[in-house]
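Colleague: First residue of the sequence shown: -1, per this note's numbering; consecutive thereafter.
Next up is a structure, given as structure tokens.
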Amino acid sequence: MGQFEGDLADAREVLDLQEGDEDAPPEDSDEDQEESYMEDDMEDDSIHTFEGHGDGVYAVAWNPARPDVVATGGADDTAFIWRVGQDAYEETGGAFLHLEGHTDTVASLAFSSDGALLASGGMDGVVRVWDASTGACLQTLEGPGDAVEWVRWHPRGAVLLAGSADCSVWMWAARSGSWMGTFAGHGGAVTAGGFTPDGKLAVTVGEDAALKVWDPKKGECVLSVQGHPFHEEAAVCLALAPDGATALTGSQDGTAKIVALATGRMGATLAPEPLRAGAGAEEDEEEMVPGGIECVAWVPALPGVAVTGGLDGRLIAWDAAAANPRAICAHPDGITRLAVHASRPIVVTACLDGRVRAWDVRSGACKAVFRGFRAPVQDLALSPDGTLVLAGAEDGTARVFNLAEQAPQ
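Structure representation (structure tokens):
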């Protein structure tokens, strides 16, 4: 059997093996925002700054097997792999791997579970697979007819899933580059998705306000949730529960939904109270601040607790079963990303005001504000041990902050 056929067989075996496994924040004017960035020019809390990009940084990822290795991608159509820390700098002299080949913004990055491979998804509609040690491009995966919205790895092997703005989802054997399936059925861009923790199913959401569950071996949709009582507007983010039984989705309609993946049964709806833009008008005439949900997650350290982050600047920790807010963490501007510590009740947020914040979601207390960026922060990720935060911003830099001293016990 040739290498190509062997790699494809290995990728299909990855799927076969699963059969036996069972208060309103203040509005900032442009002048206030500019003043905020000017203050950040003078204050930099980062322990490492990477300035290799020639334009905004929109995707970051941390190698799960190499705690000092990270990747960043941006609007300069390139990605980089680089190492964090003084020891790494002394060993390499600050050297990095420059990953070139995309012809449009690199919008998504993901390391494989063993850290050996890096996948990049571009606005050019192409997915590339890179050797994480050498930076060599191993595969160029084509097929999507529009921008790649996200890339995700199978939890137990080199099988890659990607969602596109052309309404499709693609699956490949990453090492051989062979196509394994295309999942069609969404009526809009597929905005988020991934494999369940056991790897048996794939779950996606899209601009068509639908959630779909797929059997990746058969390439079939086994469950579709759309229409009332699900979202009324585009679903833009997704988090799967650690046990893989439920999905948490967030939408531009300002709500988050909990869905049982086996039946499609709707659980709680997490619906933040709308914020009023200000006083001075009659109560029934006050403008309501839009509150689209941009990011959602479960909190492993607090079973049954979910968090949502919105463009209204609120990070909310919820008792998911009762749909009651436990803590509300107000930001001065919209939240673009969040990351949850694996073993502590801490959530880190990226904000349009150019700052990164760490929150104790038991109490809602802000534990740290990290400065240094001079533009909105677009992505962030926690190191495998939860001690460091990597973030990328529109100012073209990526920065690493020390979370270890800030995380509550």
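Glycine is no exception: its CB is placed at the ideal position from the N, C-alpha and C atoms.
#1: Name the residue from K210, L259, G248, A77 whose alpha carbon lies nearest to the alpha carbon of T267.
#2: Taking its Cβ as the centre, do 16 or more other Cβ atoms sit within 10 Å of L13, making it buried, or is it exposed?
#3: Using DSSP with H/G/I as helix, E/B as strand and the rest coil, what is E89?
#4: Roughly how many whole angstroms lie between the Cα atoms of N322 and P301?
#5: Just the C-alpha distance for V124 and P142, rounded to the nearest angstrom, thanks.
#6: With the cut-off set at 8 Å, would you say P382 and S341 are in Cβ contact?
#7: Taking only three categories from DSSP, how would you classify M40?
#8: Closest to A207 by C-alpha separation, out of P214, K255, D213, D43, would be which residue?
#9: Short check: CB of R410 to CB of A356, under 8 Å?
#10: Beta-carbon separation of V188 and V167 under 8 Å?
#11: Is L13 helix, strand or coil by DSSP?
#12: Are Y56 and D377 closer than 8 Å when you measure CB to CB?
#13: By a C-beta neighbour count over all protein chains shown, 10 Å radius and 16 as the cutoff for buried, is K216 buried or exposed?
#14: Runs of 3 residues minimum, wholly inside the segment 202 to 278: which ones carry the beta strand (DSSP E) assignment?
#15: Cβ of G394 within 8 Å of Cβ of E49?
#16: Near A319, what residues of its chain come up, given a Cβ to Cβ distance below 7 Å and the 5 sequence neighbours on each side ignored?
#17: Who are the Cβ neighbours of S413 in its own chain at under 8 Å, not counting the five residues just before and after it?
#18: In chain order, which continuous runs of the beta strand (DSSP E) of length 3 or greater are located wholly inside the segment 127 to 183?
#19: So what does DSSP say about D358, is it helix, strand or coil?
#20: Does DSSP put N400 in a helix, a strand or coil?
#21: Assign R342 to one of three DSSP states: helix, strand, or coil.
#22: Buried or exposed: which applies to S27, given that a residue is buried once 16 or more other Cβ atoms fall within 10 Å of its Cβ?
#23: In chain order, what residues of the same chain lie with their CB nearer than 7 Å to the CB of G120, ignoring the 5 residues before and after it?
#24: With a CB to CB cut of under 8 Å and the five nearest residues on each side skipped, what residues in its chain are close to A295?
#25: Measure the alpha-carbon distance for D164 versus L139 and round it to whole angstroms.
#26: What number of angstroms, rounded off, separates the C-alpha of T194 from the C-alpha of R150?
#27: Do the CB positions of L313 and G290 come within less than 8 Å of each other?
#28: When DSSP labels each residue in this structure, what does V375 get in the three-state scheme?
#29: Give the secondary structure of E292 by DSSP, where H, G and I count as helix, E and B as strand, and everything else as coil.
#30: Pick from C293, P272, A232, V211: whose alpha carbon is nearest that of V257?
#31: Can you list, in chain order, the residues of its chain whose CB lies under 7 Å from that of A63, leaving out five sequence neighbours each side?
#32: Using the Cα positions of E89 and T132, report the straight-line distance between them to the nearest angstrom.
#33: How many angstroms separate the CA atom of A373 from the CA atom of G72?
Modeller: In this structure, then:
#1: As a working note, residue 267 is residue 269 in the sequence shown. Per the Cα distances, G248.
#2: Here residue 13 refers to the residue found at position 15 when the sequence shown is read from its first residue. When all chains shown are included, L13 counts as buried.
#3: Numbered from its first residue, the sequence shown carries residue 89 at position 91. Residue state, collapsed to three classes: helix.
#4: Here the question's residue 322 lines up with position 324 in the sequence shown. Here the question's residue 301 lines up with position 303 in the sequence shown. If I take the Cα positions, the gap works out to 14 Å.
#5: Reading the sequence shown from its first residue, position 126 is the one you call residue 124. Reading the sequence shown from its first residue, position 144 is the one you call residue 142. Approximately 7 Å between the Cα atoms of the pair.
#6: By one-based count along the sequence shown, residue 382 stands at place 384. By one-based count along the sequence shown, residue 341 stands at place 343. The answer is no: Cβ separation not under 8 Å.
#7: In the sequence shown, residue 40 corresponds to position 42, counting from 1. M40 falls in the helix class under three-state DSSP.
#8: Against the sequence shown, residue 207 aligns to sequence position 209. That would be K255, whose Cα lies nearest to the Cα of A207.
#9: Because residue 410 is not part of the residues shown, which for the chain are -1 to 407, the question remains open.
#10: Within the sequence shown, the letter at position 190 stands for residue 188. Within the sequence shown, the letter at position 169 stands for residue 167. By the CB criterion at 8 Å, V188 and V167 fall inside the cutoff.
#11: Translated into the one-based positions of the sequence shown, residue 13 becomes position 15. Looking at L13 - three-state DSSP - the assignment turns out to be helix.
#12: Looking up residue 56 in the sequence shown gives position 58. Looking up residue 377 in the sequence shown gives position 379. Yes, the Cβ-Cβ distance between Y56 and D377 is below 8 Å.
#13: Here residue 216 refers to the residue found at position 218 of the sequence shown. The residue is exposed, with fewer than 16 neighbouring Cβ atoms inside 10 Å.
#14: 208 to 213, 218 to 224, 233 to 238, 244 to 249, 254 to 258, 264 to 268
#15: Taking the first residue of the sequence shown as 1, we reach residue 394 at position 396. Taking the first residue of the sequence shown as 1, we reach residue 49 at position 51. Taking 8 Å as the Cβ cut-off, G394 and E49 qualify as a contacting pair.
#16: Counted from its first residue, the sequence shown places residue 319 at position 321. Around A319: A266, G302.
#17: Given a span of -1 to 407 for the chain in the structure shown, any question on residue 413 remains unanswerable.
#18: 135 to 139, 146 to 151, 157 to 162, 166 to 171, 176 to 182
#19: The count along the sequence shown starts at 1 and reaches residue 358 at position 360. DSSP places D358 in strand when its eight states are reduced to three.
#20: Translated into the one-based positions of the sequence shown, residue 400 becomes position 402. DSSP places N400 in strand when its eight states are reduced to three.
#21: For the purposes of this step, residue 342 is taken as the residue at position 344 of the sequence shown. Residue state, collapsed to three classes: coil.
#22: Mapped onto the sequence shown, residue 27 falls at position 29. Any answer about S27 is weak, because its pLDDT of 47 lies below 50 and its placement is not dependable; what the coordinates show is given next. The residue in question, S27, is exposed, as its Cβ has fewer than 16 Cβ neighbours within 10 Å.
#23: In the sequence shown, counting from the first residue as 1, residue 120 sits at position 122. Excluding sequence neighbours, G120 sits near H100, D102, T103, V104, A105, V146.
#24: Within the sequence shown, residue 295 is the residue found at index 297, counting from 1. Taken in chain order, the residues that qualify are A237, L246, A304, V305, L336, A337, V338, V345.
#25: Here residue 164 refers to the residue found at position 166 of the sequence shown. Here residue 139 refers to the residue found at position 141 of the sequence shown. About 16 Å.
#26: Counted from its first residue, the sequence shown places residue 194 at position 196. Counted from its first residue, the sequence shown places residue 150 at position 152. Between T194 and R150, the C-alpha separation is close to 11 Å.
#27: Looking up residue 313 in the sequence shown gives position 315. Looking up residue 290 in the sequence shown gives position 292. Not a contact, by the Cβ cut-off of 8 Å.
#28: For the purposes of this step, residue 375 is taken as the residue at position 377 of the sequence shown. If DSSP states are grouped into helix, strand and coil, V375 belongs with the strands.
#29: As a first step, residue 292 is located in the sequence shown; it is residue number 294 there, counting from the start. Looking at E292 - three-state DSSP - the assignment turns out to be strand.
#30: Mapped onto the sequence shown, residue 257 falls at position 259. It is V211.
#31: Locating residue 63 in the sequence shown gives position 65, where the first residue counts as 1. Closer than 7 Å at Cβ, skipping near neighbours: D112, G113.
#32: On the sequence shown, residue 89 is found 91 positions in, with the first residue counted as 1. On the sequence shown, residue 132 is found 134 positions in, with the first residue counted as 1. If you take the alpha carbons of E89 and T132, they lie about 16 Å apart.
#33: For the purposes of this step, residue 373 is taken as residue 375 along the sequence shown, with counting starting at 1. For the purposes of this step, residue 72 is taken as residue 74 along the sequence shown, with counting starting at 1. Answer to the nearest angstrom: the Cα atoms are 14 Å apart.
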